[in-house]
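Data block below; observations after.
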Amino acid sequence: MSLAMDRLRGAIQAGGADYWLRDARAPAALVAGAPPGPLDAQGLVRLDLRIADGRIAALAPAGSAAEGPDCEGGQVWPGLVDGHTHLDKGHIWPRHANPTGDFLGALTACAEDRAGWTDADIEARFDWSLRAAHAHGTVAIRTHLESFAPRDPGSWRVFRRLRERWAGRIALQGCSIAPLDRFQGEDGERLADIVAEAGGVLGMVTRLSGGVHDRLPDDFQPMLDRFFTLAEARGLDCDLHVDESGETGSRALIEIARTALRRGFRGRIQCGHCCSLALQPEELARATIAACAEAGIAIIVLPMCNMYLQDRAPGRTPRWRGVTLVHEFRAAGVPVSVASDNTRDPFYAYGDLDMVEVYREAVRILQLDHAGEDWPRAACATPAAAMGMPEAGWLRRGVAADLLLFRARGMTELLSRPQSDRIVLRGGRVLQAELPDWRELDAVLGTGPG
400 MSLAMDRLRG AIQAGGADYW LRDARAPAAL VAGAPPGPLD AQGLVRLDLR
450 IADGRIAALA PAGSAAEGPD CEGGQVWPGL VDGHTHLDKG HIWPRHANPT
500 GDFLGALTAC AEDRAGWTDA DIEARFDWSL RAAHAHGTVA IRTHLESFAP
550 RDPGSWRVFR RLRERWAGRI ALQGCSIAPL DRFQGEDGER LADIVAEAGG
600 VLGMVTRLSG GVHDRLPDDF QPMLDRFFTL AEARGLDCDL HVDESGETGS
650 RALIEIARTA LRRGFRGRIQ CGHCCSLALQ PEELARATIA ACAEAGIAII
700 VLPMCNMYLQ DRAPGRTPRW RGVTLVHEFR AAGVPVSVAS DNTRDPFYAY
750 GDLDMVEVYR EAVRILQLDH AGEDWPRAAC ATPAAAMGMP EAGWLRRGVA
800 ADLLLFRARG MTELLSRPQS DRIVLRGGRV LQAELPDWRE LDAVLGTGPG
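In this text, residue positions in the sequence shown follow the numbering used here: the first is 400, and each later residue adds one.
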């Protein structure tokens, strides 16, 4: 922690329950309503922010407050939202690394590890991940839960315990993940019931068991309709892993959008990855994006994980970034979010559930820096809306004062360092939480450092 941030932290801790944060900068895109002052060249507004009884009580032009902790022009952001994670399989890399670094290698390694999971093993890694996200300043998470065995739903049991335990700190949503063919027959009904009983989201991957994301199987459409039928019968939203490859035969996204339109599906739909769209013919890409816009589908991209997995071949430099057409989606009015995805498991060897890192890397990988000033929403307000939490991710009068304070003034300062000296506020109070130690997982994993 820098001396300046130490001073600010101390001043906030001495400020009581009602105080002003003076002279802060905020991305105007994250201020609900009209910003309380002019914007600078980077889309930031200078303001004073009042906190009272744990909530944002006022957003006023800089210089309005006579006293209070001085941010000295540093930035303030709302709590961040991670809309696509895999907390039940996080951190298994030291136990089962990806031998090839590609998608098939990840599938194989995860399946081998999953065979030995117990509730205690899942819970220890899951809770560790929540502690990391909490310390970094995340306020809401959607996690995909391994749902290959609906007759013994261990990940869902653990999820329900941890959701209750973490209530009031992280809003936790659960979403199933299983290949599309797993939703056929009695087990499909059972799995959909598990999701509904847990208040979750129905999710799947648009590939079949044992396969990868390549051409669509001949019976894809009836299986997709079956999936939608299960969701509709239970009033469930949907979240799908789609076209996670560089195969041009992987064209599930447009079929999902068309199916949702044909059926008049009323729930929310979020589609993740959508990697192959970047390699499709231009005409198909345009038609796919238009269909998604018409169907109201939200897109979530996982730039760090997809750069790691996609277009990997031994002895060959990757030719593309592995990510979807985010700028084209946004231009068509399709909501686009960024998220962590996997952390230290065979699908991504790195990560720490830090949405500041995710946003920083997304800006670089996706070239968001010269593409409009509302991209900060992709790490907070946009995924919150996709999760049905419209109040989260905004600087707005009346919402909980769950905030991140940075010493950085401009965006290039913010994105040039990890911001490890950030101050996290929960209900206007300084969060007293340290990042968990990796060593805590050694005994769980039965290994040393990975």
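From the three backbone atoms N, C-alpha and C, an ideal C-beta is built for every residue, glycine too.
Bear in mind that the values here come from a model prediction, so they are computed numbers and not experimental data.
- Under DSSP, P426 takes part in a beta bridge, and its partners are L443.
- Secondary structure of Y749 (DSSP, three-state): coil.
- Taking a contact as a CB-CB distance under 8 Å, the pair E756 and P817 counts as one, their CB atoms being some 7 Å apart.
- With a minimum length of 4 residues, the unbroken runs of alpha helix (DSSP H) contained wholly in the stretch 485 to 556 fall at 502 to 513 and 518 to 535.
- A distance of 8 Å or more separates the beta carbons of L529 and G587.
- Counting only the Cα atoms, P435 lies some 5 Å from P460.
- Secondary structure note for L601: it is in no alpha helix (DSSP H), and the uninterrupted beta strand (DSSP E) holding it is L601 to V604.
- Pairwise C-beta distances place the stretch 695 to 710 in contact with the stretch 721 to 741, as three or more of them are shorter than 8 Å.
- Three or more Cβ pairs drawn from the stretch 483 to 501 and the stretch 747 to 764 lie within less than 8 Å of each other, which places the two stretches in contact.
- Looking at the DSSP output, G573 bridges to T542.
- With 16 or more neighbouring CB atoms inside 10 Å of its own CB, S554 falls in the buried class.
- The Cβ atoms of L601 and L571 do not sit closer than 8 Å to each other.
- Boundaries of the beta strand (DSSP E) around H640: C637 to V641.
- Within the stretch 639 to 716, the complete alpha helix (DSSP H) segments at least 4 residues long are 651 to 662, 681 to 694 and 702 to 708, listed from N- to C-terminus.
- According to the DSSP assignment, P782 belongs to the alpha helix (DSSP H) that extends over A780 to A785.
- Non-local C-beta neighbours of E511 in its own chain, meaning closer than 7 Å and more than five positions away in sequence, comprise H495, ordered along the chain.
- Annotation: the continuous alpha helix (DSSP H) that includes R408 extends over L402 to Q412.
- Contact between M603 and S575 holds, with the beta-carbon distance rounding to 7 Å and staying under 8 Å.
- DSSP places H726 within a helical segment (H, G or I) once states are collapsed to three.
- Less than 8 Å divides the Cβ of L623 from the Cβ of T658.
- Residue range G584 to E596 is occupied by the alpha helix (DSSP H) that includes R589.
- In the three-state reduction of the DSSP assignment, L623 falls in the helix class.
- Within its own chain, the residues whose Cβ lies closer than 7 Å to the Cβ of W565, once the five positions on either side in sequence are excluded, are L529 and L571, listed in chain order.
- Contact between D481 and I521 is absent: CB atoms are separated by about 18 Å, not below the 8 Å threshold.
- Leaving aside the five residues that flank A531 on each side, the residues in its chain whose CB is nearer than 8 Å to its CB run, in chain order, D751, L752, D753, L834 and P835.
- The C-alpha of Q441 is placed about 7 Å away from the C-alpha of M810.
- Taking C674 as the centre and dropping the five residues before and after it, the same chain places the C-beta of D642, E643, S644, G645, N705, Q709, G721, V722 and T723 closer than 7 Å to its C-beta, in chain order.
- Taking the Cβ atoms as the reference, I455 lies roughly 7 Å from R795, within the contact range of under 8 Å.
- The beta carbon of G845 sits closer than 8 Å to those of R494, all from its chain and outside the five residues before and after it, given in chain order.
- If you look at A456, you'll find it in the beta strand (DSSP E) that goes R454 to P460.
- With respect to V823, G536 sits close: the two C-beta atoms are nearer than 8 Å.
- Taking each of L438, G462, P477 and G504 in turn and checking the Cα distance to A712, the smallest one comes out for G504.
- The Cβ-Cβ distance between L652 and C670 falls below 8 Å.
- Annotation: V735 is outside any alpha helix (DSSP H); the continuous beta strand (DSSP E) that includes it extends over V735 to V737.
- The way I'd put it, the stretch 461 to 477 doesn't touch the stretch 725 to 733; fewer than three beta-carbon pairs between them come closer than 8 Å.
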